[in-house]
Every structure is written in structure tokens, then in C-alpha cells.
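These protein sequence lines map, in sequence, to chains A and B.
Numbering follows our numbering, in which position 183 of the first sequence is assigned residue number 216; successive positions increment by one, without gaps.
Numbering follows our numbering, in which position 154 of the second sequence is assigned residue number 187; successive positions increment by one, without gaps.
Virtual Cβ for every residue (Gly too), placed ideally from N, Cα, C.
All values reported here derive from a predicted model rather than from experimental measurement.
There are 2 protein chains.
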Amino acid sequence: MARRNPNLARLQSGYLFPEINRRKRELLQRNPQAKIISLGIGNTTEPLGTRISAALSRYAADLGTPAGYSGYGEEQGLEALRHKVAQRYYCGRVSADEVFISDGAKCDIGRLQLMFGPGARFAVQDPAYPVYVDGGVIMGQTGDYNPQCAHFNEVAYWPCRPENGFFPDLATCPAAEIVYWCSPNNPTGAVSTRKQLQELVAYAKHHHAIIVFDAAYAMFIRDSELPRSIFEIEGAKEVAIEVNSLSKPAGFTGVRLGWTVVPQQLCYEGGESVRDDWNRIMTTIFNGASNIAQHGALAALDDEGLMEMKQHVDLYMRNAALIKKTLMALGVTCWGGENAPYIWARFPGKSSWEAFEYLLEKAHIVTTPGSGFGPAGEGFLRFSAFGHPHDVQAACSRLEHLLA
Amino acid sequence: MARRNPNLARLQSGYLFPEINRRKRELLQRNPQAKIISLGIGNTTEPLGTRISAALSRYAADLGTPAGYSGYGEEQGLEALRHKVAQRYYCGRVSADEVFISDGAKCDIGRLQLMFGPGARFAVQDPAYPVYVDGGVIMGQTGDYNPQCAHFNEVAYWPCRPENGFFPDLATCPAAEIVYWCSPNNPTGAVSTRKQLQELVAYAKHHHAIIVFDAAYAMFIRDSELPRSIFEIEGAKEVAIEVNSLSKPAGFTGVRLGWTVVPQQLCYEGGESVRDDWNRIMTTIFNGASNIAQHGALAALDDEGLMEMKQHVDLYMRNAALIKKTLMALGVTCWGGENAPYIWARFPGKSSWEAFEYLLEKAHIVTTPGSGFGPAGEGFLRFSAFGHPHDVQAACSRLEHLLA
């Protein structure tokens with residue numbers, strides 16, 4: 034009698050990264066000596082800043098003492114951390130009770146779909162990070178998959194290509210209630226300008242849509258003119274949620290710490306408070322981020338922690354600059370890499386998987402095929418700047434050798 | 034245009050613990066000198082075992098070194114930890130690839146509902162821990178709330194009262210596809226016998242239902258005859274999922290570490306693998322438990338860690354024995370407290386909230402009103418054994434003074 038949620042059958046099996054791993058293993062079987070370098074996934078490689086790791090370590094040791102022990106905390110996160118995120122990260126643009134600490138952006142995006150429920154029509158940038166669509170599939174928001182166009186029938190895909198400056202013509206885009214928007218973008222490395230985000234906010238106001246703004250790479254923005262948060266845009270608090278994470282800037286990919294900001298004034302069509310629903314969801318099916326990780330986050334948002342994060346970001350952005358310079362010198366057209374840790378490169382005449390196979394086979398370099406992020410990613414490869422600098426340098430030498 | 038998930042409107046506002054906190058605050062306003070002792074929530078109070086906290090602390094410090102750093106792990110958890118849970122906790126009854134490490138049982142129960150989706154009909158013990166029903170409400174499995182009987186129309190409530198030995202007559206119970214079963218039980222402290230679980234497994238086989246077995250308190254079982262896992266019952270791997278947690282035995286309520294076991298042979302009605310769906314859900318909208326917490330769990334499942342957990346359990350179970358002895362000596366009928374850290378007490382002539390108010394007002398003791406766990410809990414109070422021993426002793430003295 035126990036039946037499967039029919040939405041699960043709609044998930045497309047080829048989740049990108051398992052397929053990449055399969056091809057990697059296959060190469061290693063044929064060529065066990067191959068020294069593969071990964072510029073594939075966005076996994077951090079550098080040790081935590083010493084101040085931050087010391088704070089994590091000290092708090093964990095204190096949990097073994099009567100004075101330092103702590104059990105359940107508030108599901109929404111430590112009051113001190115919510116305040117610090119509001120004050121130090123958002124410069125007071127949002128208030129502490131609008132900040133919900135979590136175990137990461139991907140997990141929050143999974144939970145967010147519960148607020149809109151089955152049938153909600155959403156838009157994604159095409160290409161996009163897979164969790165928006167896959168989370169929506171599980172929730173029953175996507176309709177069936179159409180293999181012909183590699184689209185789900187009920188999802189609004191907003192193409193973001195070099196030709197449109199990675200920003201769609203909102204006047205002609207298919208309509209949506211929920212808009213997932215990622216800037217700096219994974220995978221394209223494009224960063225939305227202030228003017229573009231103003232347009233996006235105006236769109237959301239006009240259509241009473243809600244923007245879910247994924248700012249997980251915001252700390253990688255170098256250009257001070259570019260907005261790092263949707264809440265830098267006037268009126269955004271009436272139409273937007275922001276998801277964020279310490280995974281990439283602090284190296285917390287394994288430690289797990291993120292947050293979501295849901296403004297007080299954000300309402301559904303019927304006038305109900307979105308923030309109150311998020312509070313109810315987080316207190317009902319979540320039990321707080323690890324208190325150890327939260328104390329690491331408190332340290333990361335101190336002056337010294339912020340400096341340590343900046344050093345991390347600088348290191349990865351030097352990688353990005355090297356990859357981009359190498360590709361461009363070789364005549365490969367590419368984008369991103371200046372305010373984002375991803376480079377988006379076009380290999381004319383090759384499909385994404387053909388280009389992937391070519392670099393894997395000939396240079397033992399793993400990248401990510403752009404088509405895995407959506408049909409508009411076909412023909413592109415994503416190069417990730419997350420890696421040890423000497424590995425990235427070695428990979429660039431191989432590229433020079435192969436493509437020169 | 035952005036609409037609210039209509040299921041959220043069905044959630045009943047009075048989530049138990051906020052209401053308890055409100056009444057506590059009210060007392061403190063009237064009587065700022067009151068020294069309130071909480072035997073209310075199941076929050077651990079004792080510091081972590083020193084071996085376990087040392088392991089957490091050491092791993093966190095190592096994350097600050099090139100050799101010790103680690104980024105994303107497998108979403109399903111560290112291979113070594115999955116093996117250790119399978120071997121040390123389940124004595125090889127389950128295999129490592131059936132164990133999925135997570136940030137806790139409550140979070141897993143929230144995610145589990147995605148496998149069954151809207152419209153799945155589930156049964157809960159009445160009374161029950163609130164997340165089963167609330168999670169089902171959010172997922173659209175419950176129908177409307179009927180305030181007259183304090184039941185959701187589409188949920189099968191299986192009454193578990195002293196009169197039926199806290200085990201329902203399965204032949205006459207309303208049918209369900211999914212059965213949430215918690216043993217040792219929160220809130221009643223009842224532990225299902227082997228024979229009862231055999232009946233439950235037979236029921237599930239007969240009706241092709243899936244049991245979600247919540248074993249979060251399994252380590253509190255003292256009687257070696259009582260089963261600690263549903264997988265001790267023959268045939269259970271064909272019909273059951275088990276959710277578990279280190280929150281209570283290791284004091285990881287704040288650290289966050291649990292797991293769910295989904296056997297390979299468990300299928301939906303249509304023959305699809307439940308385990309494969311769980312794997313897909315965990316890899317899609319979850320990103321792994323904190324690697325620090327996972328290393329704490331590795332230590333907790335070592336010989337010394339198991340000893341430290343046993344010491345924790347022993348301490349809380351001494352509290353339980355004292356509370357139960359005190360109540361019984363005073364003529365209060367009560368159950369549980371022998372193989373579970375909860376005591377379930379009846380105060381004849383008083384509703385749950387009346388009894389709660391009486392103890393709060395007269396003895397400044399916080400308990401949990403049984404009616405908050407479901408209508409069959411009306412007339413009962415739950416006493417939690419989680420507390421510092423000296424606080425529990427003081428509370429028992431107050432009870433003696435008040436009720437003698």
C-alpha cells in the first residue's frame with residue numbers, strides 16, 4: 034500500500050557529478066598512472082584560517098566541561114550570530130530576527146520549496162545550479178520532463194548566455210511566481226549589475242513574484258560597484274529572500290554553516306508573512322546548525338576571521354585569474370573569473386561532453402560540462418578555481434601544452 | 034502572484050514548547066524570585082564525555098592544517114562512520130550502504146515525508162512527538178484539522194494508553210501506508226516488547242505499509258530482553274526504516290548527529306527501491322552532517338566513547354528512577370522511566386494543562402502537558418529525566434512537600 038511520491042520518478046537520473054566521477058574512474062582504469070587534476074567541482078581545498086579553526090576547536094573542547102556545555106539551541110541559530118550576520122555582513126540592512134542560521138544554502142533551498150508547495154511556478158536562470166530544479170521536481174512544481182528540449186514543462190527557463198550579457202529580457206521571459214537568481218553565478222561566473230538587480234526587483238514587484246537570491250559567492254566580488262546582496266537594492270525587502278553560506282569563503286564546505294534572510298515585510302499574494310512561515314518550518318523540521326559550526330561562524334565574522342576569509346578568497350581568485358589568462362591566451366573565449374570563482378569557456382565545434390572528454394583524455398583535467406547545468410549551457414565548460422594553487426598551475430601548463 | 038503553500042495554513046499554532054515558555058515567563062513576571070526547575074523538555078544538561086569532546090576538538094583544530102583539512106564529504110556520511118554504525122551499533126544486522134548519516138532524527142523525519150509525498154496516509158501513536166504530524170501537515174498528507182477531536186481528518190491515530198499497555202489493537206486500527214512508531218516512546222516512556230514489534234512488522238507486511246521506527250532513545254533501554262532496534266525483528270528489513278540519533282545518549286543535542294537506516298530490500302508498492310530514493314533525496318537537498326560532528330560520532334562509537342555514553346545514560350536514568358519513585362510514593366500513578374528517560378504521570382481530576390499549572394504555580398516545576406502530544410495524552414504530564422541531578426533532587430523534594 035505504501036506508494037512512492039510520483040514526483041520522484043520525474044527526477045532525471047544523470048545528476049551531473051556522479052557521471053563525471055564515473056568517467057574519471059573509467060580513465061583511471063584504462064590509465065592507472067594518470068595524474069588527474071580536478072577543476073571540476075567547487076570544493077574548497079585550503080585549510081581553515083587558524084583563528085577560525087582555533088575557535089571551533091576551543092568551543093568543542095569546552096563542550097566537555099560543565100561551564101562550556103550547551104544542548105539544544107534555538108532552531109533559528111544563536112542570537113549572537115544572527116546579530117553578527119545582520120550587523121557585520123549586512124551592515125544593518127536586515128535585522129537579526131530576519132536571519133535564520135542553517136547547515137547550508139543547498140539545504141535551505143530544499144526547505145524553501147515547502148513554503149510554496151506543489152504547483153508553484155518558478156523560474157531559473159538557464160544554466161543554473163541543479164538544486165533549484167531538482168528540489169522543485171521533488172515538490173511537484175515542474176511538470177514532466179521533456180527530453181527533446183531538456184526542460185521540465187512547467188518551469189520557466191530564463192536563458193543567460195553571453196549574447197544577452199547573462200541577463201534575460203524580462204519583458205519577454207515566461208512568467209513565474211518564484212525566481213531563483215544566483216549572483217555571482219554558478220556556473221557562468223557572471224555577476225549581476227546594480228541596474229540588472231533593480232530590473233529584477235521591479236519585475237518581482239510588478240508580478241508579485243518572490244526572488245530567492247543565492248548569494249553563496251558574494252564574498253568573491255572584487256569590484257566595489259557590484260552589489261553583494263539583493264538587499265542593497267531599494268525595495269528588495271518586499272520581494273526577496275537571500276540564501277548565503279560560509280562554505281566557500283571560509284572553507285566550511287564540510288563544517289556546514291549557512292543562513293537565509295527572510296524580511297519581515299515579505300508577503301505572499303494573500304498577505305500572509307513569509308518570514309513567519311519560514312520560522313515555523315525551521316522550528317518544525319530543523320533543529321539548528323551544529324553549535325560548533327555556529328561558534329566557528331562567530332569567529333569568521335570577527336575582524337580577524339574576515340581577514341582570514343579574505344585571504345582564502347584572494348587565493349582562489351588568483352587561481353581564477355590564472356585559468357582565465359591561460360585560456361584567453363590560447364584563444365579560448367571565456368567569461369567570469371573576475372568576481373566569481375568560476376570561468377565559463379566555450380569550445381566551438383564541441384559539445385560540452387565532447388570538450389569535457391577531450392580535456393580529460395588529453396590533459397587529465399576534470400572540468401564540468403556546461404550542459405549539465407541546463408540546455409543553455411551546451412557548448413560550454415565550467416572551470417572551477419577551487420584547488421591548490423600548484424595543481425591549478427600544473428593544469429594550466431597542461432592546457433598550454435595541449436591547446437597551443 | 035506568489036502563493037502560500039495552502040498546507041501551511043493547516044498547522045496548528047500552539048506548538049507545545051513555545052506555549053510552555055510563555056507560561057514560564059508569565060510566572061517569572063509575577064514572581065521574579067521563583068527558582069524554576071525544568072523537567073519539561075528533553076534537553077541534555079551534562080557535558081560531553083571527555084574522549085568525545087577531545088575528538089571533536091582535535092578534528093576541528095586539524096581542519097586548520099593542510100594535512101587535516103577536508104571540504105565536502107559524501108552527502109551520505111563518512112564511509113568509516115557508516116561502517117561503524119552498521120557494525121558496532123547494529124552488530125552487522127544492516128550494511129554500511131543502508132546507513133545514512135545526518136544532522137539529526139527530527140531533520141530526517143522532515144525529509145522522509147518527501148519520499149511518500151502529498152496524500153500519503155500515515156498513522157501515529159497517540160500521544161506522539163509532534164514532528165510526525167506537523168511534517169505530514171506541511172507535506173499535505175493530513176487533511177483538515179478538526180478542533181472537536183483535536184485530530185487531523187486524514188491521519189490514522191493509534192491510541193496508546195495505559196489501558197491497552199501502550200500498544201493498540203492492530204486489527205481494529207484505522208489503516209495507514211506509513212506507520213510512525215517510537216520506542217522507547219516519547220512521551221509515554223513505554224517500550225515495545227519483541228512480541229509487539231513482531232505484530233507490528235506482521236501488520237506492515239500484510240498491508241504493505243512502511244514503518245518509520247524512531248529509535249532515538251534506544252540506548253536508554255536497560256532490560257536486555259527488550260529490542261533496541263526494529264531490525265532485531267525478523268522480516269523488518271522488508272518493511273521498516275529506522276531513524277536514530279546521538280542527541281540524547283552522547284549529549285549531541287547541539288552538536289547535531291543522527292542517522293537513518295533504509296534497507297536495500299525495502300520497496301514501495303510498485304517495487305521501486307526506497308533506499309535509492311532516500312539516497313537521491315539526501316544527495317539532492319542535503320550536504321552531509323558537519324564533518325566535525327561526524328568525527329565526534331566516530332569517537333562515540335569507540336569502546337571508550339560507548340562507555341562515556343553509558344555513563345550519560347546511567348546518570349539520566351538515575352534521575353528517572355528518582356522521579357518515578359517520588360511520584361509513586363506520593364500516590365501518583367505513573368509509567369515509563371525504567372527503559373526510557375520519560376515518566377508519564379496521571380493526575381486524576383485535572384486536565385494536562387491544569388496539572389501543569391498546578392506544579393508550575395505551587396512548586397515552580399516545569400513539566401510537559403500530555404495533551405500537547407495528542408488527544409490521548411489528555412490528563413497526563415510528561416516528566417523528563419534530562420537535568421542536573423541536584424536539580425532533579427530539588428524538584429523531587431518540592432514534589433514531596435507539595436503532594437504529601
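- Taking T226 of chain B as the centre and dropping the five residues before and after it, the same chain places no C-beta closer than 6 Å to its C-beta.
- Within the segment 200–227 of chain A, E210, I211 place their CB atoms closer than 7 Å to a CB of chain B, listed in sequence order.
- The beta carbon of H241 of chain B falls within 8 Å of a beta carbon belonging to chain A, placing the residue at that interface.
- Bounds of the alpha helix (DSSP H) holding V425 of chain B are 422–436.
- The residue from A:I263, A:D159, A:T221, A:Y162 with its alpha-carbon nearest to that of E371 of chain A is A:T221.
- Taking C-beta atoms under 8 Å as the contact rule, H241 of chain B and G284 of chain B fail to qualify, at a distance of about 39 Å.
- Contact between Y250 of chain A and K281 of chain A holds, since their C-beta atoms are separated by about 6 Å, short of 8 Å.
- Contact between V170 of chain B and F185 of chain B holds, since their C-beta atoms are separated by about 7 Å, short of 8 Å.
- Under the Cβ distance rule, G97 of chain A counts among the residues neighbouring chain B, one pair being separated by less than 8 Å.
- Residue-level contact check: S71 of chain A does not touch chain B, since none of the beta carbons of chain B fall below 8 Å from its beta carbon.
- For P80 of chain B against Y105 of chain A, the beta-carbon gap comes to about 15 Å, at or over 8 Å, which does not count as contact.
- The beta carbon of Q298 of chain B lies closer than 7 Å to those of K270, E271 in the same chain, with the five residues before and after it left out.
- Counting along the chain, the unbroken alpha helix (DSSP H) around A388 of chain A starts and ends at 385–396.
- Q146 of chain B: member of the alpha helix (DSSP H) spanning 138–149, first to last residue.
- Less than 8 Å divides the Cβ of G150 of chain A from the Cβ of N40 of chain B.
- Per DSSP, L331 of chain A is one residue of the alpha helix (DSSP H) stretching across 324–333.
- DSSP places P192 of chain B within a strand segment (E or B) once states are collapsed to three.
- For L290 of chain B, there is no enclosing beta strand (DSSP E), as DSSP gives it neither H nor E.
- Excluding sequence positions up to five before and after G173 of chain A, its CB lies within less than 6 Å of the CB of N40, P151, all in the same chain and listed in chain order.
- M252 of chain B is outside the set of residues whose beta carbon lies under 8 Å from a beta carbon in chain A.
- With a cut-off of 8 Å on Cβ pairs, the segment 233–248 of chain A is in contact with the segment 256–269 of chain A, counting three or more such pairs.
- R415 of chain B sits in a strand when the DSSP states are folded into three classes.
- For D424 of chain A, the closest Cβ of chain B is not nearer than 8 Å.
- Under the 10 Å beta carbon count, K357 of chain B is surrounded by 16 or more other beta carbons and is classified as buried.
- Selection A:A119, A:P408, A:L414 evaluated against E390 of chain A yields A:L414 as nearest (Cα-Cα).
- The beta carbons of A189 of chain B and A208 of chain B sit closer together than 8 Å.
- Counting only the Cα atoms, F419 of chain B lies some 49 Å from L72 of chain A.
- Nearest CB-CB separation between L331 of chain A and chain B: not below the 8 Å threshold.
- Residue burial annotation: P201 of chain B is buried, with at least 16 other C-beta atoms found within 10 angstroms of its C-beta.
- With 16 or more other Cβ atoms inside 10 Å of its own Cβ, P217 of chain B counts as buried.
- In terms of Cβ geometry, I274 of chain B and T293 of chain B form a close pair [threshold 8 Å].
- Around the Cβ of R194 of chain A, a 10 Å sphere holds 16 or more other Cβ atoms; the residue is buried.
- Contact between E131 of chain B and R308 of chain B holds: CB atoms are separated by about 7 Å, below the 8 Å threshold.
- Under the Cβ distance rule, G137 of chain A counts among the residues neighbouring chain B, one pair being separated by less than 8 Å.
- Interface residue (Cβ-Cβ distance to chain B less than 8 Å): N352 of chain A is not classified as such.
- Per the coordinates, the alpha-carbon of N324 of chain B lies some 15 Å from the alpha-carbon of A87 of chain B.
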